[in-house]
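> The following block contains the structure, expressed as structure tokens.
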Amino acid sequence: MFTLLKTEGLARRGTLETVHGTVQTPCFMNVGTAAAIKGGISSPDLVDLKCQVELCNTYHLHLRPGDQIVKKMGGLHKFMNWNRPILTDSGGFQVFSLAKLRKIKEEGVYFQSHLDGRRIFMGPEESMRIQSNLGSTIAMAFDECVENPAAYDYSAKSCARTTRWLKRCINAMEQLNAEPDCVNPHQMLFGINQGCTFEKLRVEHMQEIAELNLDGYAVGGLAVGEPTEDMYRVLDAVTPFMPKNKPRYLMGVGTPSNIIEAVARGIDMFDCVMPSRNARHGTVFTWQGIRHLKNQAYETDPRPVDPECGCPTCRNFSRAYVRHLFKANEQLAGRLAVTHNLYFYNTLAERIREAIDTDTFADFRAAYSEKLAQKAPED
RNA sequence: GUGGGUAUAGCGUAGCUGGUUAACGCGUCAGUUUGUGGCACUGAAGACCAUCGGUUCGAAUCCGAUUAUCCACC
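In terms of my numbering, the first sequence opens at residue 160 and continues consecutively.
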């Protein structure tokens with residue numbers, strides 16, 4: 160159950176109560192696709208990094224180790240030893256990202272496994288069954304994430320199909336939650352808005368799915384290559400039509416700046432691989448801006464990665480040391496950088512919440528929206 | 001000491017029947033990364049081809065000497 164605590168402009172401060180605890184929003188969800196944060200971060204680590212929700216992937220876990228196995232192990236929470244909320248992505252995005260290996264039909268999507276090439280079918284019912292077996296806190300509807308750019312006609316047809324799939328997801332979940340051996344009988348379901356960058360489609364589709372009384376609503380299909388302004392334009396158009404008393408989730412976004420700007424447009428939840436992926440590649444986000452830790456400028460820099468950060472990495476190590484670890488290809492490099500970036504993102508969400516609480520979000524936005532998108536100045 | 005081999009970017013190598021801007025890997029430097037098929041990808045800098053001389057219209061490539069280094073033998 161979602162409670163809207165207060166607003167500042169369009170920015171919202173709320174709580175989402177789940178069987179696995181209460182989530183404070185706006186929040187950033189940490190991506191652990193295959194039931195693990197890449198870079199060597201375990202569940203106990205994540206607690207220290209102020210992570211509220213972990214995100215896992217239906218498609219990847221279905222292939223390996225297999226959702227039946229996870230169910231046999233008592234569900235994802237027990238399997239990973241994570242007792243806070245878990246959101247499972249439906250596999251819809253993989254339809255898009257594995258485009259070369261797919262065939263989309265009314266009943267669902269025919270894939271070829273990227274692991275061994277075997278043919279797989281996934282439709283709304285299959286995705287719901289898998290997510291039910293995983294026992295996540297929040298399941299995402301099975302959708303088609305339309306690529307960008309896409310033709311208007313195709314986007315419209317795809318939206319209509321995504322709505323039909325959504326209705327099938329709702330029915331399937333109702334039955335699955337009623338099964339006696341259901342891992343999480345209180346599993347929630349979020350619907351996903353599509354429509355490429357066409358405002359008219361976005362709004363119409365949102366109006367359709369808003370009537371279905373889901374536990375939350377996501378905006379999907381953004382940040383897939385379109386200019387940032389297009390993303391903001393779509394958000395400006397569609398958020399007024401999103402139910403006010405339900406959490407709003409912008410899928411796959413984004414940079415710290417994107418998050419601030421999306422909160423300013425009324426979004427509550429985010430997830431993104433950027434903090435972990437970029438960290439593994441040597442790029443960290445700090446309150447001074449972006450730093451490429453492999454840069455020579457840090458060769459003998461004794462200061463912490465981010466002097467304004469309280470994460471385990473910044474409390475214990477210098478830029479010079481972390482840089483050395485990256486240059487030497489040590490696994491610890493990625494772990495320390497991922498640790499920092501996730502802590503940074505979770506702290507960013509925390510500071511956004513505090514700002515809305517104290518009616519200073521506008522100031523926070525003015526101070527950081529642009530700054531965080533730029534390279535940290537040399538000092 | 002004798003015979004033979006090799007000398008090309010920081011390192012390891014290609015090019016050696018002579019012909020326009022000398023190639024590749026690693027390393028270095030910089031950038032990219034948005035519901036994760038990625039410790040990945042893109043780009044850049046960096047060499048008067050050991051030294052000196054010769055042959056030739058033209059030499060990293062052929063010849064000679066020198067120096068360095070490696071191998072074998074004494």
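No residue lacks a Cβ here, since even glycine has one placed at the ideal position from N, Cα and C. Every value quoted in this text rests on a predicted model; they were computed, and no experiment measured them.
Among F187, A170, L163 and T166, which has the Cα closest to the Cα of A414?
Start at 1 with the first residue of the first sequence, and residue 414 comes out as number 255. Per the sequence presented here, residue 414 reads as Thr, with Ala not at that position. Checking every option, the nearest Cα to that of T414 belongs to F187.
> Closer than 6 Å by C-beta to K504: which residues in its own chain qualify, once you throw out the five before and the five after it? Chain order, please.
The count along the first sequence starts at 1 and reaches residue 504 at position 345. The question names Lys, yet the displayed sequence has Tyr at residue 504. Closer than 6 Å at Cβ, skipping near neighbours: F187 and P434.
> What whole-angstrom Cβ distance do G294 and N343 have, given they're in contact under 8 Å?
Stepping through the first sequence from its first residue, residue 294 is reached at position 135. Stepping through the first sequence from its first residue, residue 343 is reached at position 184. Right, the Cβ-Cβ distance comes to about 4 Å (below 8 Å), so this counts as a contact.
> On the three-state DSSP scale, how would you describe R327?
As a first step, residue 327 is located in the first sequence; it is residue number 168 there, counting from the start. The answer is helix: DSSP assigns R327 an H, G or I state.
> Please tell me whether T181 and G173 are closer than 8 Å, where the distance is taken between their beta carbons.
Taking the first residue of the first sequence as 1, we reach residue 181 at position 22. Taking the first residue of the first sequence as 1, we reach residue 173 at position 14. No.
> Rounding to the nearest angstrom, what Cα-Cα distance links D395 and P461 in this structure?
The residue given as residue 395 occupies position 236 in the first sequence. The residue given as residue 461 occupies position 302 in the first sequence. Taking the straight line joining both Cα atoms gives about 44 Å.
> Exposed or buried, V443, counting other C-beta atoms within 10 Å across all chains shown (16 or more means buried)?
Counting from 1 along the first sequence, the entry for residue 443 is found at position 284. Flag for V443 reads buried.
> At the level of alpha carbons, what is the spacing between M160 and G199?
Here residue 160 refers to the residue found at position 1 of the first sequence. Here residue 199 refers to the residue found at position 40 of the first sequence. Distance between the alpha carbons of M160 and G199: 33 Å.
> With three or more C-beta pairs closer than 8 Å as the rule, is the stretch 363-382 touching the stretch 336-350?
A contact exists between the stretch 336-350 and the stretch 363-382.
> Judging by CA-CA distance, which residue of R424, L452, K534 and N454 is the nearest neighbour of L169?
The residue given as residue 169 occupies position 10 in the first sequence. The shortest Cα separation from L169 among R424, L452, K534 and N454 belongs to R424.
> Mind pulling the beta strand (DSSP E) runs of 3 or more residues that sit fully within the stretch 169-220?
If we require 3 residues or more, the beta strand (DSSP E) runs fully inside the stretch 169-220 come out as 170-177, 180-184, 186-190 and 213-216.
> Cutting at 8 Å between CB atoms, please list the residues of its own chain near N242, excluding the five before and the five after it.
Sequence index remark: in the first sequence, residue 242 carries index 83 (1-based). So the qualifying residues of the chain are H179, G180 and H236.
> On the DSSP letters alone, give me the boundaries of the beta strand (DSSP E) that M281 sits inside.
As a first step, residue 281 is located in the first sequence; it is residue number 122 there, counting from the start. Start and end: R278 to M281.
> Contact defined as beta carbons within less than 8 Å: I believe F400 pairs with V362. What is the distance between those atoms, to the nearest angstrom?
Working through the first sequence from its first residue, we reach residue 400 at position 241. Working through the first sequence from its first residue, we reach residue 362 at position 203. At roughly 5 Å, the Cβ-Cβ gap stays under 8 Å, so F400 and V362 are in contact.
> Cutting at 6 Å between CB atoms, please list the residues of its own chain near A496, excluding the five before and the five after it.
Position 337 of the first sequence, counted from the start, is the residue given in the question as residue 496. Here the set comprises A438 and V443.
> With burial defined as no fewer than 16 other Cβ atoms inside 10 Å of the residue's Cβ, what is the status of V206: buried or exposed?
Stepping through the first sequence from its first residue, residue 206 is reached at position 47. Burial call: exposed.
> Per DSSP, what kind of secondary structure is A298 in: helix, strand or coil?
By 1-based counting over the first sequence, the position of residue 298 is 139. Note: A298 maps to strand in three-state DSSP.
> Under 7 Å from any heavy atom of the ligand ATP, does the C-beta of R172 make it?
By its list of ligands, the structure shown contains no ligand whatsoever, and the ligand ATP lies outside what it can speak to.
> Leaving out five residues on either side along the sequence, give the residues of the same chain with a beta carbon under 6 Å from the beta carbon of H219.
Working through the first sequence from its first residue, we reach residue 219 at position 60. Correct list, in chain order: T192 and A193.
> Quick check: the Cα distance between M232 and E513, rounded to an integer number of angstroms?
If you number the first sequence from 1, residue 232 lands on position 73. If you number the first sequence from 1, residue 513 lands on position 354. Going from the Cα of M232 to the Cα of E513 covers about 38 Å.
> Flag this pair as yes or no: are the beta carbons of F357 and C304 separated by less than 8 Å?
Taking the first residue of the first sequence as position 1, residue 357 is located at position 198. Taking the first residue of the first sequence as position 1, residue 304 is located at position 145. No; because the gap between Cβ atoms is not below 8 Å, this pair is not in contact.
> What's the C-alpha gap between T162 and Q455?
Working through the first sequence from its first residue, we reach residue 162 at position 3. Working through the first sequence from its first residue, we reach residue 455 at position 296. T162 and Q455: Cα-Cα distance of roughly 48 Å.
> By DSSP, does E303 sit in helix, in strand, or in coil?
The residue labelled residue 303 in the question sits at position 144 within the first sequence. Of the three classes helix, strand and coil, the one that applies to E303 here is coil, per DSSP.
> Of the residues P471, R223, E537 and R323, which one's Cα is nearest the Cα of L208?
The sequence position of residue 208 within the first sequence is 49, counting from 1. Of the candidates P471, R223, E537 and R323, the one whose C-alpha sits nearest the C-alpha of L208 is P471.
> Does the contact criterion of 3 or more C-beta pairs under 8 Å hold for the stretch 279-289 versus the stretch 248-268?
Touching, per the Cβ criterion.
> Here's a check: name, in chain order, each residue in its chain whose Cβ is nearer than 7 Å to the Cβ of R327, leaving out the five neighbours to either side.
For the purposes of this step, residue 327 is identified with residue 168 of the first sequence, where counting begins at 1. For R327, where only same-chain residues beyond five positions count, the Cβ hits under 7 Å are P283 and E284.
> Indicate whether G469 and K530 have their beta-carbon atoms separated by less than 8 Å.
As a first step, residue 469 must be located in the first sequence, where it is residue number 310. As a first step, residue 530 must be located in the first sequence, where it is residue number 371. Taking 8 Å as the Cβ cut-off, G469 and K530 do not qualify as a contacting pair.
> Which residue from R436, C341, V393 and W324 puts its Cα closest to that of G355?
Here residue 355 is taken as the residue at index 196 of the first sequence, counted from 1. For clarity, residue 355 is Cys in the given sequence; the question names Gly instead. Answer by Cα proximity: V393.
> Could you give the residue range of the beta strand (DSSP E) that holds C431?
Locating residue 431 in the first sequence gives position 272, counting from the first residue. M428 to C431 is the span of the beta strand (DSSP E), which, as asked, contains C431.
> Leaving out five residues on either side along the sequence, give the residues of the same chain with a beta carbon under 8 Å from the beta carbon of F520.
Position 361 of the first sequence holds residue 520. Correct list, in chain order: E167, G168, A170, V422, A423, I511 and A514.
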